[in-house]
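Chains as they are written, first to last, in my numbering: chain A, 2 to 400; chain B, 10 to 91.
Shown next as structure tokens:
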């Protein structure tokens with residue numbers, strides 16, 4: 002029996018509300034299968050499962066809000082019987098049980114045994130008015146503990162249960178502000194940031210991209226953000242100490258180069274879902290992935306892996322016209338790369354002054370995981386890679 | 010395609026990218042991307058939408074000519090009648 006728990010949905014997003022199940026008991030699921038839609042302060046998120054098996058039991062009801070790590074559903078493994086799973090579930094519950102055996106009182110074993118009421122009443126008492134109201138409010142009376150005489154379910158009990166089941170209206174803007182605030186406060190409190198910046202000439206990349214886009218239909222064009230993203234990913238192969246997480250007092254390298262892309266939302270707020278394995282993607286694939294991610298982020302339909310997988314964040318504030326961005330690292334990541342607006346600036350090359358498009362590239366990095374020297378080499382590598390843009394295009398390319 | 014139809018097509022496409030915009034508020038002679046928060050991805054999606062709707066494919070080298078709403082309407086009008 003496999004317990005599937007609500008996965009982490011990003012820093013400071015520590016609970017979720019089940020909106021709907023996408024599977025039913027008996028369904029066969031595989032890795033990556035979306036099993037549920039969960040609402041967080043930032044977005045409704047499609048929760049993907051990581052294991053394979055047959056759905057046996059759904060452990061949550063829609064509209065329930067639970068912390069990250071709560072069992073959402075249980076799977077039968079290949080060949081497993083429900084009987085075996087039931088035994089396994091009881092064993093796990095006993096292990097996790099709230100009854101540590103310290104200083105057992107002599108009466109404890111006996112007292113613990115009859116958990117049910119002393120005189121179980123097989124027929125639940127519900128007043129007719131309460132039953133009618135329950136039907137109107139679509140409340141399941143069998144799940145309500147009555148507070149009336151002899152445990153009868155009263156009209157008031159129904160109203161309370163209905164109110165509890167109804168999700169409080171969410172102010173997503175406010176909640177997102179709080180989630181961003183909490184994550185960034187944690188970042189500034191815990192992460193000793195260092196900041197570096199360098200200017201990168203983009204004449205070659207701009208000309209190469211313009212030639213590549215020329216003659217392509219509008220649906221086939223690639224934005225400058227894409228070769229930038231790819232250059233960052235390739236440079237991270239050489240500087241893996243900037244790609245990963247700081248957890249439990251140590252740096253843990255990322256299991257791949259998954260770039261969180263900072264996306265501003267029209268209604269305000271920010272989200273940075275990940276594109277996985279950017280370093281092995283060709284530019285057209287990366288463009289499609291980016292366009293899809295931006296569209297889904299804005300429509301607030303992201304996947305759980307996208308919310309938790311990013312090993313670094315890349316922000317591109319150039320479109321908003323600023324030249325330099327000093328990033329705040331998204332914990333537990335250890336670095337954030339920023340691109341400003343490419344502008345025409347005086348540039349000296351081969352002893353000659355020319356006017357060229359130049360972008361200011363910045364790095365905010367965690368001093369617990371790397372030093373400024375490494376950060377500087379990394380930025381120089383990104384700058385170098387952007388001078389040979391045609392080499393960024395190959396999928397699966399070795400740097 | 011008459012002027013009003015073209016105008017409506019452009020507004021409808023724009024509102025799918027930037028739902029908060031009401032067409033009446035757009036100043037026709039002020040740079041569009043200064044009035045509406047359109048990043049380069051939004052702009053590209055806008056052009057993709059226009060292409061799907063009107064069949065006009067705007068090459069990248071023409072972007073610089075399309076600064077205001079008036080520019081865009083004139084450009085599209087010429088392409089459609091030409």
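Glycine included, every Cβ here is placed at the ideal spot set by N, Cα and C.
- Judged by DSSP secondary structure, residue 48(A) falls outside any alpha helix (DSSP H) and instead within the beta strand (DSSP E) spanning 45 to 49.
- When secondary structure is reduced to three states using DSSP, residue 129(A) falls in the helix class.
- DSSP, reduced to helix, strand and coil, places residue 321(A) within a helical segment of the structure shown.
- Going by C-alpha positions, residue 36(B) is about 31 Å away from residue 291(A).
- In this structure the region 196 to 206 of chain A does not lie against the region 286 to 300 of chain A, because fewer than three pairs of beta carbons, one per stretch, are closer than 8 Å.
- In the three-state DSSP reduction, residue 265(A) falls in the strand class (E or B).
- Just so you know, the alpha carbons of residue 190(A) and residue 16(A) end up roughly 22 Å apart.
- Taking 9 Å as the cut-off, the beta carbon of residue 239(A) is found no closer than this to the beta carbon of residue 257(A).
- Counting along the chain, residue 282(A) sits inside no alpha helix (DSSP H), nor does DSSP assign it H or E at all.
- Residue environment: residue 11(A) is assigned as buried (16 or more neighbouring CB atoms within 10 Å of its CB, all protein chains considered).
- Annotation for residue 73(A): the continuous beta strand (DSSP E) segment containing it runs 72 to 77.
- Annotation: the continuous alpha helix (DSSP H) that includes residue 87(A) extends over 83 to 97.
- The closest CA to that of residue 135(A), considering only 46(A), 149(A), 147(A) and 156(A), is found on 156(A).
- Closest by C-alpha distance to residue 311(A), out of 145(A), 247(A), 139(A) and 201(A), is 247(A).
- The beta carbon of residue 46(B) sits closer than 9 Å to some beta carbon of chain A.
- Residue 224(A) reaches chain B at 49, 50 and 53, counting residues in chain order whose Cβ is nearer than 7 Å.
- Spatial neighbours of residue 272(A) in its own chain (CB-CB distance under 6 Å, excluding positions within 5 residues in sequence) are listed in chain order as 43, 264 and 298.
- Between residue 378(A) and residue 386(A), the CB-CB gap reaches or exceeds 9 Å.
- In summary, the residues of the region 287 to 307 of chain A whose CB is separated from some CB of chain B by less than 7 Å are 292 and 295, in the order they occur in the chain.
- The contact set of residue 27(B) on chain A, defined by CB atoms closer than 8 Å, consists of 267 in chain order.
- Around the C-beta of residue 175(A), fewer than 16 other C-beta atoms lie within 10 Å, and the residue is accordingly described as exposed.
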